[in-house]
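Novice: FYI, the numbering for the sequence shown is 2 to 181, going by the numbering used here. Structure incoming, see below.
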Amino acid sequence: VTFPAGLTEIGELSFYRCTGLEQITLPDTVTTIGSSAFHGTPLSYVSLPSTVKSIGGNAFAECDNLSVFAVNEGCTTMSDWNSPWTNCDRLSVIYLPSTMTSLSYNAFSNIPNLKEVHVKMTAPFAPSNGSYDFGKDGCLLYVPEGCAEAYAAHSNWDSRWSAVIEEASTLAGLSDFEFG
């Protein structure tokens, strides 16, 4: 799919269950991805441009081939009501930027094979709509160097992770996440 220059929003349900959509490259003019925009598509990886500020609930839900999801610097909000990745059975790694300030209360729920969550946020925050614990059984949480204690002390980030591991803030030299 080639998106037109100047596109700023991928609307709600835009590609809902579009079985021919295997890869996307969003232009760096897109700022918003609506709810269920890519729900049920066969995407295998997603790396969002830094211009994306908001991702709606279920935006990438039930993407059965999705294994890696990277949100680059700039994005601040991920759905106040539902995880963008609900029921993505192969999703194993999620990368979140330092600019993230809001996550759904169930951001990491219903992702059975999630093994790693890498966050660049130096300070943990509460979920946008409740006092839910972000922890995920059997999953490793990677945080910036010097931040493990803050995450371990925060009531919404402290439990259920298999381990909280500090890593270089550049994540192995990457300033943005790219997959291809």
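Quick reminder that beta carbons are idealized off the backbone N, C-alpha and C, glycines included. Please read these numbers as outputs of a predicted model, since none were measured by experiment.
1) Which residue comes first and which comes last in the alpha helix (DSSP H) that contains A154?
2) Relative to the C-alpha of N107, which residue among V69, A62 and A71 is closest?
3) Where does E168 fall in DSSP's three states?
4) M79 by DSSP, collapsed to three states: which one?
5) Is it buried or exposed for T87, if we count other Cβ within 10 angstroms and need 16 for buried?
6) Looking only at its chain, what residues have a beta carbon closer than 6 Å to the beta carbon of T42, apart from the 5 residues adjacent to it on each side?
7) Within 10 angstroms of its Cβ, does W158 collect 16 or more other Cβ (buried), or is it exposed?
8) Report the partner residues of I34 according to the DSSP bridge assignment.
9) Using 9 Å as the threshold, is the C-beta distance between T32 and V53 below it?
10) Measure the CB-CB distance between E13 and S48 and report whether it falls below 9 Å.
11) DSSP beta-bridge partners for I95?
12) Cα-Cα, which of D138, H155 and L67 is closest to S163?
13) So, using beta-carbon positions, are K116 and M101 closer together than 9 Å?
14) I need the DSSP call for D105, collapsed to helix, strand or coil.
Specialist: Here's the rundown:
1) Mapped onto the sequence shown, residue 154 falls at position 153. Where A154 is concerned, the enclosing alpha helix (DSSP H) stretches over A149 to A154.
2) By one-based count along the sequence shown, residue 107 stands at place 106. Out of V69, A62 and A71, A62 has the C-alpha closest to the C-alpha of N107.
3) Here residue 168 is taken as the residue at index 167 of the sequence shown, counted from 1. Residue state for E168 is assigned as strand, using DSSP reduced to three classes.
4) Mapped onto the sequence shown, residue 79 falls at position 78. Three-state result, M79: strand.
5) Sequence index remark: in the sequence shown, residue 87 carries index 86 (1-based). Counting Cβ neighbours within 10 Å, T87 comes out buried, since at least 16 surround it.
6) Start at 1 with the first residue of the sequence shown, and residue 42 comes out as number 41. Apart from the 5 residues on each side of it in sequence, T42 sits with its Cβ closer than 6 Å to the Cβ of F16, C19, L22 and C64 in its chain, given in chain order.
7) Indexing the sequence shown from 1 puts residue 158 at position 157. Residue environment: W158 is assigned as buried (16 or more neighbouring CB atoms within 10 Å of its CB, all protein chains considered).
8) Start at 1 with the first residue of the sequence shown, and residue 34 comes out as number 33. Looking at the DSSP output, I34 bridges to I11 and I56.
9) Reading the sequence shown from its first residue, position 31 is the one you call residue 32. Reading the sequence shown from its first residue, position 52 is the one you call residue 53. Yes, the Cβ-Cβ distance between T32 and V53 is below 9 Å.
10) Position 12 of the sequence shown, counting from 1, holds the residue named residue 13. Position 47 of the sequence shown, counting from 1, holds the residue named residue 48. Cβ distance not < 9 Å, so E13 and S48 don't count as in contact.
11) For the purposes of this step, residue 95 is taken as the residue at position 94 of the sequence shown. Paired residue(s): F70 and V118.
12) The sequence position of residue 163 within the sequence shown is 162, counting from 1. Nearest in C-alpha terms to S163, of all of D138, H155 and L67, is D138.
13) Counting from 1 along the sequence shown, the entry for residue 116 is found at position 115. Counting from 1 along the sequence shown, the entry for residue 101 is found at position 100. Remark: C-beta atoms of K116 and M101 do not approach each other more closely than 9 Å.
14) For this step, residue 105 is matched to residue 104 along the sequence shown. With the sequence shown as reference, residue 105 is identified as Ser, and Asp is not the correct amino acid for it. Of the three classes helix, strand and coil, the one that applies to S105 here is coil, per DSSP.
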